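Have a look at the structure below, then the notes.
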Amino acid sequence: MLKRILSRQETLVGVTLLALCLTIGFINPVFWTPGNWFDLARSATVTGIFAIGVLVVLISGGIDVSFTAIAVFAMYTTTVIMNNIGFGGGMFAFFLMSAGIGVVLGLINAFFIARFRLPTLIVTLGTQSLFRGFLLFVIGSKIIRDLPPGMAEYSGAFLFTVTDSRGITVGLHSAVLFLVGVAILAQIILRYTMLGRSIYALGGSREAAERAGFNIAHTQVFIYAFVGLLAGLAGMIYGGLNRQANAQDIVGQELDVIAATVLGGASITGGRGSVIGTLLGVTLVTVLSNSLILMGIPSIWQRVVIGAIIIIGTAVPAIRALRAGRRANVEIEPVLAEQRS
Amino acid sequence: MTGRASLPAPQHLMADAFLTLNHISKSFAGVQALDDVSLVVKPGEAHCLVGENGSGKSTLIKIIAGVVTPDSGDIVINGRSFQRLYPMDAIREGIQVIYQDFSLFPNLTVAENIALNYQLSRNVRVVRWGQVHQIAQTALDKIGVRLPLDVEVESISVADKQLVAICRALVQNARLIIMDEATTALTEKEIRALFRVIRNVQQEGVAVLFVSHKLNEVLEIADKVMIIRNGRVVVDTDVASLDRSKLTYYMTGRQIEEADYDYRPTNEQPLLEVRHLSSRGNFEDISFALRPGEILGITGLLGSGRTELALSLFGVLPVDSGEILIDGQPAHVRDIQSAIHHGIGYVPEDRLTEGLFLDQSISRNIVIRTIDTLTRPGGLLSISQVNRQVRYWVEQLSIKTHDPELPAKSLSGGNQQRVVLAKWLASKPRILILNGPTVGVDVGSKMELHEIIKNLAREGIGILVISDDIPELLHLCNRILLMRRGRVAGVFDRPEITEAELTARLTEATSMARPAG
Numbered sequence: 626m627l628k629r630i631l632s633r634q635e636t637l638v639g640v641t642l643l644a645l646c647l648t649i650g651f652i653n654p655v656f657w658t659p660g661n662w663f664d665l666a667r668s669a670t671v672t673g674i675f676a677i678g679v680l681v682v683l684i685s686g687g688i689d690v691s692f693t694a695i696a697v698f699a700m701y702t703t704t705v706i707m708n709n710i711g712f713g714g715g716m717f718a719f720f721l722m723s724a725g726i727g728v729v730l731g732l733i734n735a736f737f738i739a740r741f742r743l744p745t746l747i748v749t750l751g752t753q754s755l756f757r758g759f760l761l762f763v764i765g766s767k768i769i770r771d772l773p774p775g776m777a778e779y780s781g782a783f784l785f786t787v788t789d790s791r792g793i794t795v796g797l798h799s800a801v802l803f804l805v806g807v808a809i810l811a812q813i814i815l816r817y818t819m820l821g822r823s824i825y826a827l828g829g830s831r832e833a834a835e836r837a838g839f840n841i842a843h844t845q846v847f848i849y850a851f852v853g854l855l856a857g858l859a860g861m862i863y864g865g866l867n868r869q870a871n872a873q874d875i876v877g878q879e880l881d882v883i884a885a886t887v888l889g890g891a892s893i894t895g896g897r898g899s900v901i902g903t904l905l906g907v908t909l910v911t912v913l914s915n916s917l918i919l920m921g922i923p924s925i926w927q928r929v930v931i932g933a934i935i936i937i938g939t940a941v942p943a944i945r946a947l948r949a950g951r952r953a954n955v956e957i958e959p960v961l962a963e964q965r966s
Numbered sequence: 009m010t011g012r013a014s015l016p017a018p019q020h021l022m023a024d025a026f027l028t029l030n031h032i033s034k035s036f037a038g039v040q041a042l043d044d045v046s047l048v049v050k051p052g053e054a055h056c057l058v059g060e061n062g063s064g065k066s067t068l069i070k071i072i073a074g075v076v077t078p079d080s081g082d083i084v085i086n087g088r089s090f091q092r093l094y095p096m097d098a099i100r101e102g103i104q105v106i107y108q109d110f111s112l113f114p115n116l117t118v119a120e121n122i123a124l125n126y127q128l129s130r131n132v133r134v135v136r137w138g139q140v141h142q143i144a145q146t147a148l149d150k151i152g153v154r155l156p157l158d159v160e161v162e163s164i165s166v167a168d169k170q171l172v173a174i175c176r177a178l179v180q181n182a183r184l185i186i187m188d189e190a191t192t193a194l195t196e197k198e199i200r201a202l203f204r205v206i207r208n209v210q211q212e213g214v215a216v217l218f219v220s221h222k223l224n225e226v227l228e229i230a231d232k233v234m235i236i237r238n239g240r241v242v243v244d245t246d247v248a249s250l251d252r253s254k255l256t257y258y259m260t261g262r263q264i265e266e267a268d269y270d271y272r273p274t275n276e277q278p279l280l281e282v283r284h285l286s287s288r289g290n291f292e293d294i295s296f297a298l299r300p301g302e303i304l305g306i307t308g309l310l311g312s313g314r315t316e317l318a319l320s321l322f323g324v325l326p327v328d329s330g331e332i333l334i335d336g337q338p339a340h341v342r343d344i345q346s347a348i349h350h351g352i353g354y355v356p357e358d359r360l361t362e363g364l365f366l367d368q369s370i371s372r373n374i375v376i377r378t379i380d381t382l383t384r385p386g387g388l389l390s391i392s393q394v395n396r397q398v399r400y401w402v403e404q405l406s407i408k409t410h411d412p413e414l415p416a417k418s419l420s421g422g423n424q425q426r427v428v429l430a431k432w433l434a435s436k437p438r439i440l441i442l443n444g445p446t447v448g449v450d451v452g453s454k455m456e457l458h459e460i461i462k463n464l465a466r467e468g469i470g471i472l473v474i475s476d477d478i479p480e481l482l483h484l485c486n487r488i489l490l491m492r493r494g495r496v497a498g499v500f501d502r503p504e505i506t507e508a509e510l511t512a513r514l515t516e517a518t519s520m521a522r523p524a525g
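So the sequence lines, in the order shown, correspond to chains A and B.
Under our numbering, residues 626 to 966 are what the first sequence spells out, in order.
Under our numbering, residues 9 to 525 are what the second sequence spells out, in order.
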């Protein structure tokens, strides 16, 4: 049992994360200040919500690269609409509308994937361009800084604030609650519902899932609608935290999010992955990129370091799996008990 | 434990038929797949369905499972007559098919694999893991098997995967389990264990419809045997009235007299000589010589090192010590390229994943090894040479296809194996290693493959046959090397050992063979 826990990718990432925190904290004690951690939480929120969506898709054996386009589309379009109707209400309505738009766009993905059985990468590559092109051409491409009041105030919605010894007031932003909520929701769905298990089953063997009687199309509709929902939500949080709606933003981050998810143990070939692993993967990548600045490493090198970590992090389990496979050739032993008498 | 333990059927099992098929006929695009087939299966009965590829076996299974609808005839299950049987009806009535690939989820645990389909069919929406474990454990107890519940199915052996599939069927209240070619990937010992499980299941009143090519298994496990040929029932009878030669005759429709390989010893220099070859953890101190025209059998249980030895001779697995001599000269077989350079050909155990490009055409598969010789001056490929070579081998090995441009997966097992052979023979090897040459091949094809192998040896090729099919080894080989725990446990010249003796020696190792070191 202990061996199994130790050999998990989640453990590996967790230990690496801990070691990284200790090292950075040793080099630059600012790392352990609440301000830095609130900053980290803020940075990890949007990536984390995206990553949970990516996790669900990866487990099912698919891949989605359109979620960033969905996010920016939903966020920007919501802002434009709210501005036009002069909406004066709170942020909740923005989240609702943005997530709704996200679900609709996700359903477009699901339609092509479930109805025509097209490869998920091809479909989402196509819709990524489609959503983004439509947004820039039809809805608008200018950066909107004159936000509706509800959205403009959101960046100040802290859960609580603390004032440190130097008299600087820092706060933990409430957006992190969304990440916590999404993570718990995803965990419950994946682990304790038949729907969640059908996602694992689909990723393990599509044929076996069909033979068992799973409705693959339903499962896929859920998956891509869910990703759309999370993308719409995360896009709106992103816009709110940055106090602007930029139609050129977000798209381009999708591979980083996928990489963080894979680093957290999700299998790119489907069937494997966990919420906790994904959160650890996202945290590791976030801590790393935030802290490289604290450690005084030039920002040009950041991408090199992150790339290297991702390659090493995913190569280690792959090599281990290869070794285990080679050993299995000679260690096969049936666990048959003798016949009951 | 080779004798069939006959079960005195309990009184309540003598009851009415569980499944009755009356005069079933089915044709596909004008081809009569099944013609007036009737079948009765009683509770607790082991019924074997035997037939060559294309005989209509799989169509019959699909009809019973409700996947295919017959053109005429009716199906009665549990006294209920079905005009149109849907897959869900079949499942609800307790019919479970275990397909050759098991349809398991490699990424899920043993427990979940056993319980998942059941929970799905019961419309369970919330998964309670305690319940999952309980369902799985109950099923495992029922067949008297111990398996770790929390291990992913991916990491367990083929034999254990099969047990998981059986448990999954039982959980769904199976009354009839159909097993399609259940033993193809199993070793002798695992087959014994499977048969014990099947008898346990029978005791519970569950009927088993067992589809197999392997005649000795059929004779061992079946209560009743139905043989179909070209869509018609040839015979449907108690197993007691059959023996191997009758079975073969009914299956193929011809009386096949197989003559054992007539090897005449020579004093020619060995083609291949192996001296004290060792590979740590795989095999140790192996020595033998292979002369031109010899067919040397290598047998042993799974894990005895037989496949590893073959892989070392083909340069896949590195050796730690010992010598390989080819034509009396020390040869360094470091990798596959150098093995090929020395004239060694290897037909792998699993032709589907290692031997063939299934989606590529038959002709491309045949010429792949020799494509660089079929060129015109200037290095361009000569289509006419390619076609000539393909035609030659299709004819030589009588590969049954009407168009060599069809994908290799369109062929039956026996014909696929011929394509793998043709690929190697085209490169004119002098030493041929055949690993399980007739696994999953039907009786008629098997005999034809045996003829091909014998003819190759007569032409002076040295052949190594790795197999745990004892009758096959005794028929083909002039010498048989028995391996156990990575070592040579005995060498037998063919006329001096009987089938019973060799089987006994093979299964002697009571614990699973495991290489020392």
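All C-beta atoms, glycine included, are put in the ideal place defined by N, C-alpha and C.
Quick caveat, the model's predicted, so the values are computed rather than measured.
Which chain B residues are close to residue i, counting only those with a beta carbon under 7 Å from its beta carbon?
i              : result
T818 (chain A) : R133, V134, V135
A833 (chain A) : S111, L112, F113
Between residue i and residue j, which are expected to be in contact by the criterion C-beta below 8 Å, what is the C-beta distance as a whole number of angstroms?
i              : j              : result
V179 (chain B) : A147 (chain B) : 5 Å
S258 (chain B) : V243 (chain B) : The amino acid at residue 258 (chain B) is misidentified as Ser; the sequence shows Tyr. That belief holds up - the Cβ atoms of Y258 (chain B) and V243 (chain B) are roughly 5 Å apart, short of 8 Å.
T245 (chain B) : V451 (chain B) : About 18 Å; that fails the 8 Å criterion.
T446 (chain B) : D477 (chain B) : 7 Å
A177 (chain B) : I236 (chain B) : In fact, because the Cβ distance is near 24 Å, the residues do not count as touching under 8 Å.
A230 (chain B) : I474 (chain B) : Going by Cβ atoms, the distance from A230 (chain B) to I474 (chain B) rounds to 28 Å, so no, they are not a contact pair.
L279 (chain B) : D328 (chain B) : 24 Å between Cβ atoms; not a contact.
Roughly how many angstroms separate the alpha carbons of residue i and residue j, rounded to a whole number?
i              : j              : result
G678 (chain A) : T844 (chain A) : 14 Å
A512 (chain B) : L309 (chain B) : 12 Å
A13 (chain B)  : E413 (chain B) : Model confidence at A13 (chain B) stands at a pLDDT of 42, short of 50, so the residue's coordinates are unreliable and nothing is read from them.
N486 (chain B) : G305 (chain B) : 8 Å
T117 (chain B) : V900 (chain A) : 18 Å
V910 (chain A) : R770 (chain A) : 29 Å
T28 (chain B)  : V49 (chain B)  : 6 Å
E507 (chain B) : E316 (chain B) : 25 Å
I813 (chain A) : I768 (chain A) : 38 Å
L321 (chain B) : I344 (chain B) : 9 Å
D44 (chain B)  : E228 (chain B) : 28 Å
Determine which residues share a DSSP beta bridge with residue i and list them.
i              : result
A54 (chain B)  : B:V216
M491 (chain B) : B:V496
Y354 (chain B) : B:I441
V787 (chain A) : A:V795
N30 (chain B)  : B:D82
S286 (chain B) : B:S329
A465 (chain B) : A465 (chain B) is not bridged to any residue.
F291 (chain B) : B:S287
I474 (chain B) : B:I306, B:N443
E160 (chain B) : B:T117
Closest Cβ-Cβ distance between residue i and chain E: below 8 Å?
i              : result
A891 (chain A) : Absent from the structure: chain E. Protein chains present are A and B.
Cβ closer than 8 Å: which chain A residues qualify as neighbours of residue i?
i              : result
P114 (chain B) : G829, S830, G896
In chain order, what residues of the same chain lie with their CB nearer than 7 Å to the CB of residue i, ignoring the 5 residues before and after it?
i              : result
Q368 (chain B) : P415, A416
I893 (chain A) : L683, V887
Can you list, in chain order, the residues of its chain whose CB lies under 8 Å from that of residue i, leaving out five sequence neighbours each side?
i              : result
V205 (chain B) : I151, G152, V153, L171, I174
A967 (chain A) : Lying before the first or after the last residue shown, residue 967 (chain A) is absent from chain A, which here runs from 626 to 966.
T409 (chain B) : I370, V402, S418, L419, N423
G895 (chain A) : L683, I684, S685, G686, G687, L827, G828, G829
H284 (chain B) : D293, I294, S295, S329, G330, E331
Can you list, in chain order, the residues of its chain with a C-beta nearer than 6 Å to that of residue i? Leave out the 5 residues immediately preceding and following it.
i              : result
R868 (chain A) : S780
L804 (chain A) : T670, G673, I674
T641 (chain A) : none
Give the residues of chain B in contact with residue i, contact being defined as C-beta atoms less than 8 Å apart.
i              : result
A837 (chain A) : S111, L124, N125, L128
Name the chain B residues that come within less than 9 Å of residue i, Cβ to Cβ?
i              : result
R822 (chain A) : L116, E120, L124, Q127, L128, V135
Y825 (chain A) : F113, N115, L116, E120
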